[in-house]
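Enquirer:
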Amino acid sequence: KSIETMGSASAEHTADEAGGEAVFSSDGLPSLLTPLPPPVINSAANTNDDNADAVIEESSTPADVFESFHAHADAVGWSGLSKSTIDNDSASSVEDPRRALFRLRAEVDRLESAFAAEGQKQHPTSDANDQYQLQQLKSRLENMLGADASADVTLEKLLRGRQEDLSRVIAKDVQNFQKGDLSEDMDKLNIDAVGDDKNKINDGKIVYELYSSSLGQQQQQNQSPRAATLEERLRKLETILGSTTTTTTDASSTSLLERLNDAERLTKEMDMKEVDKLAAKAKVVRSDLEAAARARQKLASSSSSSRVNDEDGRTLTALHTHLMELEGISTFLPALTVRLTELASLHSNAAEFGERLNVCEEAVNRSEKMLDSVETSLKKMEEGWKGNMEVVESNVNRLDDMLKGSL
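The sequence shown maps to residues 15 to 421 in the working numbering.
Shown next, in the form of structure tokens:
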């Protein structure tokens, strides 16, 4: 089976643009087109389907499939495997791949025994990764050839084993890819991939190259534009749904399945009722903006039509200039006002201090005069007391003399 060609992809894209329905968006963004759902691929028995031409189905035998991968002129190795070359005489220049597989299996057994011997001697010379690769190779050879090495391996059994082995490898890698962590198993993948990178990751895909042939390279080149187209359509869907994984970094770190799940979830959430509610809100906001614009225009026209005096204009200009100069210290104005009030009270007190000092000096002078007068009075009183004491003493002496004379 082959996939859709680039012509059919471009035709579907043109149909999406022609038959899509415009999605409501804001005025600042262009309208986006809703892409049509992909066509449903029915079975081969349904020949009346309109999309039957998009898929080309072919049937071939396993031997013909292996012969189609023939890419070398000498027909040596896997590219030369066919029923005719296997049934020929063993003296032919073409080596039977079954013999090579048996020989490779024997070599794997010898390597396993060598690793076991080195482990018993406690002198390991191989890495754990080599042992892991050896176990993987041995299990794959057993799956392709069977557990019994002496059994007759037919071409049909060989092809079936090869197909099952490839299916298991791809299923394992897809499982790791869905988990989103390929760094741990990046170096442990099997020998099916070709090139330095065992897993080639390009735009969220794992590319396997089984045979280095011009046919495989041509198919990969044909699929690259198709993958780019699908990636672009997925980004458009994410843009419409409002997803946040549209950047390059997020898209590279997020797996394709997670992005598709997010797109499906957003599609379910964005129903018609929700869209109608958002449209009604947008209309209300738009009407409010229009009313505000009309009011602003009316206010501007009324202010421009009013006559303003030149002196008032100069005053307003000076006030505006003053306010612009005080813009840096406007936060300190309350504290400055309080301090200025305190300074005004202190200034008034200082102005009254001289008068109060003069009053105090006058009071001191009056007090000094009063003290002088009191001192003078006390001196006069002291002199009077002294005179009175002398008179009293003389009188007492006279009385004593008179008493003595009378006795």
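Where a beta carbon is used, it is the ideal one built from N, C-alpha and C, also for glycine.
(1) With a 10 Å radius around its C-beta and 16 neighbouring C-beta atoms as the bar for buried, classify proline 49 as buried or exposed.
(2) Pairing CB atoms from the stretch 275-291 with CB atoms from the stretch 300-314, are three or more of them under 8 Å?
(3) Can you give me the C-alpha to C-alpha distance between arginine 176 and leucine 125, rounded to a whole angstrom?
(4) Buried or exposed: arginine 273, going by 16 or more other Cβ atoms within 10 Å of its Cβ?
(5) Can you tell me where the alpha helix (DSSP H) holding glutamate 382 begins and where it ends?
(6) Using 8 Å as the threshold, is the C-beta distance between leucine 151 and valine 183 below it?
(7) Take the Cβ of leucine 392 as the centre, count every other Cβ of all protein chains shown within 10 Å, and call the residue buried at 16 or more, exposed below.
(8) Starting from glycine 327, follow the alpha helix (DSSP H) in both directions and report where the run begins and ends.
(9) Indicate whether leucine 148 and arginine 119 have their beta-carbon atoms separated by less than 8 Å.
(10) Apply the 10 Å Cβ neighbour rule to threonine 262 and answer buried if 16 or more other Cβ atoms are within range, or exposed otherwise.
(11) Taking just the CA atoms, how far does serine 316 sit from leucine 333?
(12) Report the rounded CA-to-CA distance for threonine 335 versus methionine 286, giving the unit in angstroms.
(13) Measuring only between beta-carbons, confirm whether arginine 176 sits less than 8 Å from chain B.
(14) Could you tell me the alpha carbon to alpha carbon distance between serine 22 and glutamate 246, rounded to whole angstroms?
(15) Does the beta-carbon of leucine 229 have 16 or more other beta-carbons within 10 angstroms, so that it is buried, or is it exposed?
(16) What is the rounded straight-line gap between the Cα of serine 381 and the Cα of arginine 353?
Expert: Short version:
(1) Indexing the sequence shown from 1 puts residue 49 at position 35. The residue is buried, with at least 16 neighbouring Cβ atoms inside 10 Å.
(2) no
(3) Counting from 1 along the sequence shown, the entry for residue 176 is found at position 162. Counting from 1 along the sequence shown, the entry for residue 125 is found at position 111. Answer to the nearest angstrom: the Cα atoms are 23 Å apart.
(4) For this step, residue 273 is matched to residue 259 along the sequence shown. Label assigned to arginine 273: buried.
(5) Counting from one through the sequence shown, the residue named residue 382 turns up at place 368. Looking at the DSSP string, the run of the alpha helix (DSSP H) that includes glutamate 382 is 347-420.
(6) Locating residue 151 in the sequence shown gives position 137, counting from the first residue. Locating residue 183 in the sequence shown gives position 169, counting from the first residue. No, they are not a contact pair.
(7) Residue numbering aside, residue 392 sits at position 378 when the sequence shown is read from its first letter. Burial call: exposed.
(8) Within the sequence shown, numbered from 1, the residue matching residue 327 stands at position 313. Going by DSSP, glycine 327 is part of the alpha helix (DSSP H) stretching over 324-339.
(9) Walking along the sequence shown from the start, residue 148 turns up at place 134. Walking along the sequence shown from the start, residue 119 turns up at place 105. No, Cβ-Cβ distance for leucine 148 and arginine 119 is not below 8 Å.
(10) Numbered from 1 along the sequence shown, position 248 holds the residue referred to as residue 262. For threonine 262, the pLDDT reaches just 45, beneath the cut-off of 50, and the residue's location in the model is therefore unreliable, although a value from the coordinates is still provided. Threonine 262 should be labelled exposed.
(11) Within the sequence shown, numbered from 1, the residue matching residue 333 stands at position 319. Within the sequence shown, numbered from 1, the residue matching residue 316 stands at position 302. Taking the straight line joining both Cα atoms gives about 23 Å.
(12) On the sequence shown, position 321 is the one that residue 335 refers to. On the sequence shown, position 272 is the one that residue 286 refers to. Spanning the two alpha carbons is a distance of roughly 56 Å.
(13) Absent from the structure: chain B. Only one protein chain is present.
(14) Taking the first residue of the sequence shown as 1, we reach residue 22 at position 8. Taking the first residue of the sequence shown as 1, we reach residue 246 at position 232. In this prediction, serine 22 scores a pLDDT of 46, lower than 50, which makes its location untrustworthy; no coordinate-derived value is stated.
(15) To locate residue 229, count along the sequence shown from 1; it is residue 215. Because leucine 229 sits at a pLDDT of 47, beneath the cut-off of 50, its placement in the model cannot be relied upon, and the point is left open.
(16) As a working note, residue 381 is residue 367 in the sequence shown. As a working note, residue 353 is residue 339 in the sequence shown. Spanning the two alpha carbons is a distance of roughly 40 Å.
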